[in-house]
Amino acid sequence: VSAVVRRQGSRRGKRAVSTQALSELDPEVFHLLRQEKDRQVRSINLIASENFASQEVLQVLGSVLSNKYSEGTPGARYYGGNEFIDKVERLCQQRALTAFGVDEQEWAVNVQPYSGSPANFAVYTALLQPHDRIMGLSLLNGGHLTHGHYTQQRKVSATSIYFESLPYGVDESTGLIDFENLRKTARAFRPKMIIAGASAYPRVIDWAAFREICDEVGAILMVDMAHISGLVATGVHPSPFPYADVVTTTTHKSLRGPRGGMIFCRKKFQKQIDDAVFPALQGGPHNATIGALAVQLKQVTTPEFRDYCADVVANCRALASHLSAHGCQLVSGGTDNHLLLWNLRPIGLSGSKLEKVCEKVSIVVNRNTIAGDPSPFSPGGVRLGSCAMTTRGATQQDFVRIGRSCCCCCCCCCCCCCCCSGCCCCCCCCCCSFCCSFCCCCCCCCRCCCLSSTFNQDRQTSKH
């Protein structure tokens, strides 16, 4: 075998795999990568579900681990040659349990899910029968598609197609989960599973209240902590593990790892969960992602990462305080975690308009529904997050400056709407829109360029 490898190594001219630099082999893709990198470097990223992976994580993602196929679980593969792949996956599992401080005698973890949505669906198919009843937070109130979303016209999510779903919501006056109504509805609906967790909920979640309701109606408690898993691992947010039966998460948001998923479960559910991931739902795991996740989970246990998560929350609160002080209406009045929801309905704006104006000056946000919105296609707010810019070294003072720029964009939207509403023809409307967009650029561009330059410099020296 060694002789064959040596002979093939000497025949460089006959290799089927190119050794050219990407810029030479495929300049088109190389150029697109450069453009995307430039966009990320130059913009202020306030997307709550995005972050910047470390160079070490990216290095493993682009490693030889991508070459190996390994259907099955460690020690029980359907292919040979998995000696080291097994070690990588077992290491990742051990680090996951350690990072979240759970007892390996009581809990198991599956690190193979490709992302959060397959992780959630694997849990449903493992522990439920078709048409069993579930309850999750309404999408319009901050929930996720995979928690059973449907509309009057159709069942949107696969979860709502295969299972009977009934959403619970928040109290519109406070923005907080309405546990009293949840309890009343659960008593009548008798769900087999209740899902706790959200994609747009700015406050600490009361896991104990969910556990109490689940015990009362005999339901399984599944927690989706995708957004807050980094905060949970570092103690910045209360842990769901003392209360939950199953916990799912993505790995790239506040956890700051590669794009993947994990399922933690009580040991009694381990076989069902593992079988639901493979062979029921997925094929071979993405080994490079699992290796990169192992690297990040080691970083999660460091004092530096704990400081980072504390800064994430402090920065988001600084942004919330600035917006509130300038008359902006925030859902629930503020934030306890890495995100906030800005309600634009009181000033007659939509989230889509503010998102587009912000993007013109390289501030990246996402439109988001607010409780009371008639449809997810006409969201009344935007969601702002602090994870990504905190990774780049932003401080509370920086987030105040970011808040000022966001307010400028909001003012531009208001002026644009006022001007356009007073115009009588399409020509005038276009002119007014153009003028307002131009004004927005004048107001915000210098501010955003200065901010981007600061973060670009700090990126190299940031303690995070």
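Mapping the sequence shown onto full-length UniProt numbering, position 193 (from 1) lands on 193, and the numbers just tick up by one. Each residue gets a CB set at the ideal place from its N, CA and C atoms; glycine is no exception. Predicted model, so just to flag it, every value in this text is computed and none were measured.
Please classify residue i: is it buried, with 16 or more other beta-carbons within 10 angstroms of its beta-carbon, or exposed?
i	result
residue 486	Residue 486 lies beyond the range of the chain shown here (1 to 464); nothing can be said about it.
Gln129	exposed
Ser23	exposed
Pro240	buried
Cys428	Here Cys428 scores only 29 on pLDDT, less than 50, and its place in the model is too uncertain to base an answer on.
Asn141	buried
Val361	buried
Tyr78	exposed
Ala16	exposed
Glu104	exposed
Glu216	exposed
Ser18	exposed
Asp398	buried
Lys353	buried
Would you tell me roughly how many angstroms separate the C-alpha atoms of residue i and residue j, rounded to the nearest one?
i	j	result
Ala108	Val247	10 Å
Ser378	Gln329	18 Å
Ala233	Ala96	9 Å
Ile44	Glu106	42 Å
Lys271	Ala226	23 Å
Asn366	Gly230	21 Å
Ser405	Pro376	26 Å
Gly62	Ser324	43 Å
Gly403	Val382	13 Å
Cys411	Ala371	23 Å
Glu359	Cys387	18 Å
Arg154	Pro118	21 Å
Gln112	Gln152	35 Å
Gly291	Glu355	35 Å
Glu71	Ile347	54 Å
residue 465	Gln55	What is shown of the chain runs 1 to 464, which leaves residue 465 out entirely.
Ser138	Ser165	10 Å
Pro167	Arg259	27 Å
Leu58	Glu36	15 Å
Gln20	Pro74	35 Å
Arg34	Leu255	25 Å
Val29	Thr249	31 Å
Ser350	Pro279	44 Å
I think residue i touches residue j, with their Cβ atoms under 8 Å apart; what is that distance to the nearest whole Å?
i	j	result
Leu293	Ala99	Going by Cβ atoms, the distance from Leu293 to Ala99 rounds to 10 Å, so no, they are not a contact pair.
Thr390	Asp307	With a Cβ gap of about 10 Å, Thr390 and Asp307 do not count as contacting.
Ala318	Thr335	Contact doesn't hold; Cβ gap of about 10 Å is too wide.
Ile134	Lys192	7 Å
Phe179	Ala208	Not quite, the Cβ-Cβ distance comes to about 10 Å (not below 8 Å), so this is no contact.
Ser160	Gly148	5 Å
Leu384	Leu340	5 Å
Gly261	Tyr114	7 Å
Ala126	Ile273	5 Å
Val313	His338	7 Å
Tell me the residue span of the beta strand (DSSP E) that contains residue i.
i	result
Phe264	261-266
Leu221	220-224
Thr250	246-250
Val109	107-110
With DSSP as the reference, label residue i as helix, strand or coil.
i	result
Gln282	coil
Ser66	helix
Ile194	strand
Ile402	helix
Arg203	coil
Met389	helix
Gly230	helix
Gly235	coil
Ala371	coil
Ile347	helix
Leu46	coil
Cys423	Because Cys423 sits at a pLDDT of 36, beneath the cut-off of 50, its placement in the model cannot be relied upon, and the following sentence gives the value as read from the coordinates. Looking at Cys423 - three-state DSSP - the assignment turns out to be coil, as it is neither helix nor strand.
Leu166	coil
Pro129	One point to set straight first is that residue 129 is Gln, not Pro, in the sequence displayed. Three-state DSSP puts Gln129 in coil, outside helix and strand.
Gln20	coil
Arg383	strand
Ala314	helix
Leu330	strand
Tyr150	coil
Ala76	strand
Asn141	helix
Asn366	strand
Identify the continuous alpha helix (DSSP H) that holds residue i and give its terminal residues.
i	result
Thr289	287-300
Leu341	Looking at the DSSP string, Leu341 is not in any alpha helix (DSSP H); the run it does join, the beta strand (DSSP E), is 339-343.
Thr98	83-99
Ile134	From DSSP, Ile134 is part of no alpha helix (DSSP H) but of the beta strand (DSSP E) over 133-135.
Asn181	179-189
Val57	55-61
Asp336	Taken as a continuous stretch (DSSP letters only), Asp336 belongs to no alpha helix (DSSP H), as it is neither H nor E.
Lys271	270-275
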